[in-house]
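Peer 1: In mature numbering (1 follows the signal peptide of the UniProt record, and there is no 0), the protein residues as written are -28 to -1, 1 to 295. We put the beta carbon where it would ideally sit given N, CA and C, even for glycine. Note that the coordinates shown come from a computational prediction; the quantities given were computed from them, not determined experimentally.
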Amino acid sequence: MQSPNNRRRVLQALALGTALLACSASRAENPAVRLVVIVAPGGSADALARMVADKVGQRLQTTFIVENKPGAGGNIAAQSVARAAPDGNNLLVTANNHTINPSLFRNAGYKIEDLAPVAQLMQGPSVIVVPNDSKYRTLEALIADAKKNPGTVSYGSAGIGTPSHIAGEMLATAAGVKLVHVPYRGSGLSLNDVAGGQIPVVIASLVAAMPLVKAGKVKALAVTSKERWPVTPEIPAASESGLPGYEHITWLGLFAPKGTPAARVSELNAATRAALSEPDMKERVKTLGGTVGTMDVAAFTAFVDSDYTASRKLVETLGMRAD
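#1: What would DSSP say about His220, mapped onto helix, strand or coil?
#2: Grab me the residues of Gly46's own chain with a C-beta within less than 6 Å of its C-beta, minus the 5 sequence neighbours each way, in chain order.
#3: Can you tell me where the beta strand (DSSP E) holding Tyr127 begins and where it ends?
#4: Would you decide whether Gln170 is buried or exposed? Buried here means 16 or more other CB atoms lie within 10 Å of its CB.
#5: Evaluate the contact criterion for the region 89 to 99 versus the region 252 to 271: three or more CB pairs, one atom per stretch, below 8 Å.
#6: Taking all protein chains shown into account, decide if Ile37 is buried (16 or more other Cβ within 10 angstroms of its Cβ) or exposed.
#7: State the DSSP-derived secondary structure class of Met142, mapped to helix, strand or coil.
#8: Buried or exposed: Thr281, going by 16 or more other Cβ atoms within 10 Å of its Cβ?
#9: Count the other C-beta atoms from every protein chain shown that fall within 10 angstroms of the C-beta of Lys41, then say buried if there are 16 or more, exposed otherwise.
#10: Decide if Glu219 is buried, meaning its Cβ has at least 16 other Cβ atoms within 10 Å, or exposed.
#11: Of the choices Leu286, Leu111, Asp277 and Ser283, whose alpha-carbon is the least far from that of Leu87?
#12: To the nearest angstrom, how far is it from the Cα of Ala192 to the Cα of Pro216?
#13: For Arg22, which three-state DSSP category applies?
#14: Please determine, among Gly140, Gly29, Asp18 and Ala17, the residue with the shortest C-alpha to C-alpha distance to Ala4.
#15: From what residue to what residue does the beta strand (DSSP E) around Ala88 run?
#16: Please report the residue range of the alpha helix (DSSP H) in which Asn241 lies.
#17: Looking only at C-alpha atoms, which of Pro183, Val125 and Ser159 sits nearest to Leu143?
#18: Select from Asn62, Pro74, Ala181 and Ser52 the residue whose C-alpha is nearest the C-alpha of Ala167.
#19: Using the rule of at least 16 other Cβ atoms within 10 Å of the residue's Cβ for burial, across every protein chain shown, is Arg55 buried or exposed?
#20: For Ile48, which of helix, strand or coil comes out of DSSP?
#21: Within this structure, are the beta carbons of Pro208 and Leu64 separated by less than 9 Å?
#22: Ignore the nearest five residues each way along the sequence and tell me which others in Asn104's own chain have a CB closer than 6 Å to its CB.
#23: Output needed for Ser213: all residues of its chain with C-beta closer than 7 Å, excluding positions within five of it in sequence on either side, in chain order.
#24: For a minimum of 4 consecutive residues, which ranges assigned as the alpha helix (DSSP H) are wholly contained in the region 175 to 202?
#25: For Val287, which of helix, strand or coil comes out of DSSP?
#26: I need the straight-line Cα distance from Thr134 to Ala243, nearest angstrom please.
#27: When we look at the beta-carbon of Arg245 and count the other beta-carbons within 10 Å, is it buried (16 or more) or exposed?
#28: If you reduce the DSSP assignment to three classes, tell me which class Leu226 lands in.
#29: How long is the line joining the alpha carbons of Thr35 and Asp252, rounded to whole angstroms?
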């Protein structure tokens, strides 16, 4: 004969098992969500996308399957999702590339309106870095040299038309100087070269540069936000070097195919914002040099539209082309 304590344990175990089965059944009933990421596995953006997928999946009791589709500056991934069924189960994680590429490429394979903004994941500035033994100790010194010796100061970026390239051209325009652009195939290569002294200046997202900055392998001259970035208050803002109003912010966002039901977009936005508000997510994004996204669907849509307008104007003014 079982004791009352044993019976209680059996009942508790049965209750737990029932709850787990219900949760499993719920996940089985909800179709898996395909999350396409514009970068290869292993980078900061990929890591953040996977954390978001896990947490949002838990909240919606849905399995998220991450697919990495790098290439063509994000166009391959964007095309894949833009052409997918607008059922709320096909999503894209992309960055500023989304608002730049339709103007930068003669045929990006998609239009800006083919993808509906869902939620911003994070944002942060770019950062201007130099080798530790650089003659440039401030951004003012770099600009002064570029003015004195036009066309002799070069800077590296993650590639033609990337956010870091846009940030560099905006910097040159704001400062009234000519900088020589050296496109790399990704921020990792450009940052390795500036750390080794092979190139005098590199502009990269703070997310990409943070590990080298923290390790003391490169010197950060300025961030490209209007004011000092709260995550890195020790790094001056470019505006402190006589460039008032200069700003370039990089971001990561979540998108769905055009025509995805508004109710589903709102549901995904709410779940994503709730996930990003969790302390471990905030801390993770902070270590990357960014801040988590907090915008609702309307605010993020307006943000994307504004970024697209500004990017198109700059690309047209400078005559930039990637193909």
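Peer 2: Let me spell this out:
#1: DSSP places His220 in coil when its eight states are reduced to three.
#2: For Gly46, same chain residues with a beta-carbon under 6 Å away, outside a window of 5 residues either side, are Ile10, Thr66 and Asn69 in chain order.
#3: From DSSP, the beta strand (DSSP E) with Tyr127 extends over Ser126 to Ser129.
#4: By the neighbour-count rule (16 or more Cβ atoms within 10 Å), Gln170 is not buried but exposed.
#5: Yes, since at least three Cβ pairs between the region 89 to 99 and the region 252 to 271 fall closer than 8 Å, the two stretches touch.
#6: Exposed, since its Cβ has fewer than 16 Cβ neighbours within 10 Å.
#7: The answer is helix: DSSP assigns Met142 an H, G or I state.
#8: Thr281 is classed as exposed because its beta carbon has fewer than 16 other beta carbons within 10 Å across all chains shown.
#9: By the 10 Å Cβ count, Lys41 comes out buried.
#10: By the neighbour-count criterion, in which 16 or more other beta carbons inside 10 Å mark a residue as buried, Glu219 falls on the buried side.
#11: The candidate whose alpha carbon is nearest that of Leu87 is Asp277.
#12: Cα to Cα, the separation comes out at about 19 Å.
#13: Look at Arg22 here: in three-state DSSP terms it is helix.
#14: If we check each option's Cα against that of Ala4, Gly29 comes out closest.
#15: Ala88 -> beta strand (DSSP E) spans Leu87 to Pro103.
#16: Start and end: Ala234 to Leu248.
#17: Nearest to Leu143 by alpha-carbon distance, out of Pro183, Val125 and Ser159, is Val125.
#18: Looking at the Cα atoms, Ala181 is the closest of the given residues.
#19: By the 10 Å Cβ count, Arg55 comes out exposed.
#20: In the structure shown, Ile48 sits in a helix (DSSP, three-state: H, G or I).
#21: No; because the gap between Cβ atoms is not below 9 Å, this pair is not in contact.
#22: Counting only Cβ-Cβ distances below 6 Å, and skipping sequence neighbours, we find Lys191.
#23: Excluding its 5 nearest sequence neighbours in each direction, Ser213 has C-beta neighbours in its own chain below 7 Å: Thr110, Leu111, Glu112, Ile115 and Ala194, listed in chain order.
#24: For the alpha helix (DSSP H) assignment, the uninterrupted runs of no fewer than 4 residues enclosed by the region 175 to 202 are, from N- to C-terminal side, 178 to 186.
#25: Val287: helix per DSSP, three-state reduction.
#26: When rounded, the distance between both Cα atoms is 29 Å.
#27: Classification for Arg245: buried.
#28: Here Leu226 sits in strand by DSSP.
#29: Cα to Cα, Thr35 sits roughly 21 Å from Asp252.
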